[in-house]
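Residue numbers (our numbering), protein chains in the order written: chain V, -2 to 350; chain H, -2 to 350.
Note that the Cβ used here is the ideal one computed from N, Cα and C, for glycine as well.
Below you'll find the structure, written out as structure tokens, and then a few comments.
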DNA sequence: AGCGCTGCCGATAGCGCTAACATTCTACCC
DNA sequence: GGGTAGAATGTTAGCGCTATCGGCAGCGCT
């Protein structure tokens, strides 16, 4: 054998592709002296593994610091344990309460939230949903019930359970949990009329993509035309204002200038109303004697101010929990008791109107 | 051929596993009459495909509604385009500004945020990070610079770029962007002493897992012992209070009862301080004449209140942007100019102290 | 004519995991 | 003692994509 010309061993072909150099299921299996399938079972269905093998495998997992690759699991099992969540904005704290509720129900079931925000832009929403769908989420939670046709088509084609939130429609993509922004605003105006107000003025900064706020304006218009027919509803809509208390101050000034005869300013959100209320005191404007104010959303601040802000209370956290519950049922293939859940709203009467 | 006994065709074995019944890259390739590799190229490196083939493929993609499976891409390419983000709580709006900054920089680069929150619980943080690592994120953004040993070990072993935020340490896991909570509070007490205050009292509701707040308390203690040596620092720490304005009201009462001689209440956060300030007016307590108040965080409300709240302004959004930039560099394999970035803080002087 | 280049495209071999089926082993029965 | 059900484990074949390499034109140059 000595002196053979060249290596006798067949050339070990270098592998085409470098491995990821992390511990894999196969490594664990080799160390524990079992097949990789058994390790997989220890991870997913430990009851089907004999106690002593299971203990050995678990020990190896712990010692080696093995972390399962969920992308591979996702690919093989066709389930991702991801719920994609689309919100308009991270800053608006109302949504964060909904997110908390959502996560509180989904996390114990092993789902992770993949988050994206649209900044109230329909084009961004479409792009975002497309890229989120690429992760093959097991469920999708959307804010609002108004979406482009192309988005609806995409969602339908994907056959992923969907829950829409924070609004109301008779034709949800799949399931829906929320309330009617339009009815809520209508109810607010009704309430004001009963209280004796005669010249309400809607005040806000509406973005084209903020369909919930647009529904509120629609509710205001409908109420105004119903209760004071023939008169043009008073509306102040200053575009491009950020959602801050400061903007509320600005809007207060604009509204007083545009409609000095108005007896109550109906703000599109508590943020603006709160800002206006804080500013009114500094301007020497007495609320509600000289001018009444109302908000929408019932943030905590609204109840702490004096006078307290009359507003519409919304089931923020409950929306998240109910949406998660609905999604869970659909993801399990169950049919929920109702595909649409109306959680309603409540007029919170305080001193500002 | 007629009347042949039984099927001549060899039994087509049923596939072991059902396909996912969605459009795949292979389907697109077949429809466009090219190899799947070419379709893959159209998606990732379109410049390397001849214009006419590219146009044909793109048309098929559009018509078929093909959405690439990112889990498969992740597995094959070993890059996930995911940044895992850990925050203590969704409700605290400070973090949402950081998240916005983070996302604003990362989204244009094609990264998605996988979000998890810990509720200020170290055990949950560990469990959360373990499960997030399963997705093989390209980067990880953490809140705080204090983490369990086992977490640090796990992160190191994963070799994923990490950025810690909102705090300061000389030994970051990988990179760090934030400021010193301890120094900030120390600076606040210094400022108060210069203003003539002599009996400050720290007020908050500290959770074991809220290491940032604990650092602030440490800064307060250090300052108190330095400026008024020999005296026990005044501290009101009522456990288990939620992070609400209402809790601020409660804390105000508790602090006045426990330390009636205090001349300034140093709150651990603007939320409590704001609640206290709002309540003080209703209690007939004049701020700052009878009692001064300070906050931490400079929320928008603090500047709108009268008197305005003296507080520590933090670079909320800037932290997110800087963290994203740092992560991007590390994910590209570049070495950033500095692995630790101190964005500092600022004492915001208003009327409340 | 022959050479090396570049541009474009396809074939092959995985990435790390699980579903589906196959096999072995054990306990227990008649 | 042979048969058999059921528990425990192993084997095989992908999931849908990309990395890598190889091949083939077409071009300019010597």
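Chain H contact residues for residue i, given Cβ-Cβ distances below 9 Å
| i | result |
| --- | --- |
| residue 244 of chain V | What residue 244 of chain V touches in chain H: nothing, since even the nearest Cβ is about 10 Å away. |
| residue 359 of chain V | No information on residue 359 of chain V is available, as it lies outside the stretch -2 to 350 that chain V covers here. |
| residue 298 of chain V | 242, 271, 275 and 298 |
| residue 100 of chain V | 87, 112, 113 and 114 |
| residue 97 of chain V | 86, 87, 88 and 114 |
| residue 127 of chain V | 64 |
Residues sharing a beta bridge with residue i, DSSP
| i | result |
| --- | --- |
| residue 109 of chain H | H/79 |
| residue 290 of chain H | H/262 |
| residue 137 of chain H | H/81 and H/159 |
| residue 339 of chain H | H/175 |
| residue 353 of chain H | As displayed, chain H neither begins before -2 nor continues past 350, which places residue 353 of chain H out of reach and without an answer. |
| residue 354 of chain H | With chain H running from -2 to 350 in the structure shown, residue 354 of chain H is simply not present. |
Three-way DSSP call (helix, strand, coil) for residue i in this model
| i | result |
| --- | --- |
| residue 269 of chain H | helix |
| residue 131 of chain H | coil |
| residue 89 of chain V | coil |
| residue 175 of chain V | strand |
| residue 231 of chain H | strand |
| residue 315 of chain H | helix |
| residue 438 of chain H | Lying before the first or after the last residue shown, residue 438 of chain H is absent from chain H, which here runs from -2 to 350. |
| residue 345 of chain H | strand |
| residue 95 of chain H | helix |
| residue 332 of chain V | coil |
| residue 350 of chain H | coil |
| residue 22 of chain H | helix |
| residue 238 of chain H | coil |
| residue 168 of chain V | coil |
| residue 65 of chain H | coil |
| residue 245 of chain V | helix |
| residue 205 of chain V | coil |
| residue 43 of chain V | helix |
| residue 296 of chain V | coil |
Best match in the options for proximity to residue i [C-alpha to C-alpha]
| i | options | result |
| --- | --- | --- |
| residue 107 of chain V | V/85, V/80, V/86 and V/123 | V/80 |
| residue 205 of chain V | V/183, V/237 and V/174 | V/237 |
| residue 184 of chain V | V/22, V/20 and V/344 | V/344 |
| residue 94 of chain V | H/92, H/61 and H/88 | H/88 |
| residue 112 of chain H | H/91, H/105 and H/137 | H/137 |
| residue 145 of chain H | H/105, H/135, H/127 and H/44 | H/127 |
| residue 226 of chain V | V/232, V/18 and V/218 | V/218 |
| residue 323 of chain H | H/98, H/69, H/302 and H/231 | H/98 |
| residue 213 of chain H | H/275, H/304 and H/309 | H/309 |
| residue 234 of chain V | V/264, V/258, V/259 and V/299 | V/264 |
| residue 250 of chain V | V/270, V/240 and V/266 | V/270 |
| residue 261 of chain V | V/221, V/123 and V/318 | V/221 |
| residue 240 of chain H | H/303, H/258 and H/90 | H/90 |
| residue 326 of chain V | V/39, V/73, V/157 and V/92 | V/157 |
Contacts of residue i in chain V (Cβ-Cβ under 7 Å)
| i | result |
| --- | --- |
| residue 41 of chain H | Within chain V, no residue comes near residue 41 of chain H; the closest Cβ sits about 13 Å away, beyond 7 Å. |
| residue 77 of chain H | 68 |
| residue 313 of chain H | Ordered by position in chain V, no residue passes the 7 Å Cβ test against residue 313 of chain H, which lies about 10 Å from the chain. |
| residue 265 of chain H | Chain V residues near residue 265 of chain H: none, gap ~18 Å exceeds 7 Å. |
Cross-chain neighbours of residue i in chain V, by beta carbon under 9 Å
| i | result |
| --- | --- |
| residue 108 of chain H | Within chain V, no residue comes near residue 108 of chain H; the closest Cβ sits about 10 Å away, beyond 9 Å. |
Partner residues on chain H for residue i, Cβ-Cβ distance less than 8 Å
| i | result |
| --- | --- |
| residue 185 of chain V | The contacting residues do not exist; residue 185 of chain V stays about 24 Å from chain H at best. |
Partner residues on chain H for residue i, Cβ-Cβ distance less than 7 Å
| i | result |
| --- | --- |
| residue 202 of chain V | Going along chain H, no residue has its Cβ under 7 Å from residue 202 of chain V, so there is no contact; the nearest lies around 16 Å. |
| residue 272 of chain V | 301 |
| residue 37 of chain V | Those do not exist, as residue 37 of chain V stays about 14 Å from chain H at its closest Cβ, beyond 7 Å. |
| residue 72 of chain V | 68, 69 and 72 |
TODO: Report the residues of the segment 328 to 350 of chain V with a CB closer than 7 Å to any CB of chain H, ordered along the chain.
DONE: Taking 7 Å as the Cβ-Cβ cut-off against chain H, none of the residues of the segment 328 to 350 of chain V qualify.
Task: Positions along the segment 147 to 170 of chain H whose CB lies within less than 9 Å of some CB in chain V - done: Cβ proximity to chain V below 9 Å picks out 150, 151, 154, 155 and 156 from the segment 147 to 170 of chain H.
Task: the segment 51 to 69 of chain V: positions lying closer than 9 Å to chain H by Cβ - done: Cβ contacts with chain H: 62, 64, 65, 66, 67, 68 and 69.
TODO: Could you please tell me which residues of the segment 130 to 148 of chain V, in chain order, have their CB closer than 8 Å to any CB of chain H?
DONE: Those residues of the segment 130 to 148 of chain V that come within reach of chain H (Cβ to Cβ, closer than 8 Å) are 130, 131, 132 and 133.
Task: Interface positions of the segment 275 to 293 of chain H facing chain V (Cβ-Cβ less than 9 Å), listed along the chain - done: For the segment 275 to 293 of chain H, the set of positions with a beta-carbon nearer than 9 Å to some beta-carbon of chain V reads 275, 276, 278 and 279 in chain order.
Task: Residues of the segment 110 to 124 of chain V with Cβ closer than 8 Å to any Cβ of chain H, in chain order - done: The segment 110 to 124 of chain V vs chain H, Cβ under 8 Å: 110, 111, 112, 113 and 114.
Open item on the list: To be precise: take each residue of the segment 81 to 95 of chain V, compare its Cβ to all Cβ atoms of chain H, and keep it if any distance is under 7 Å. Which residues remain?
Closed with: Close to chain H, meaning a Cβ-Cβ distance shorter than 7 Å, are the following residues of the segment 81 to 95 of chain V: 87, 88, 90, 93 and 94.
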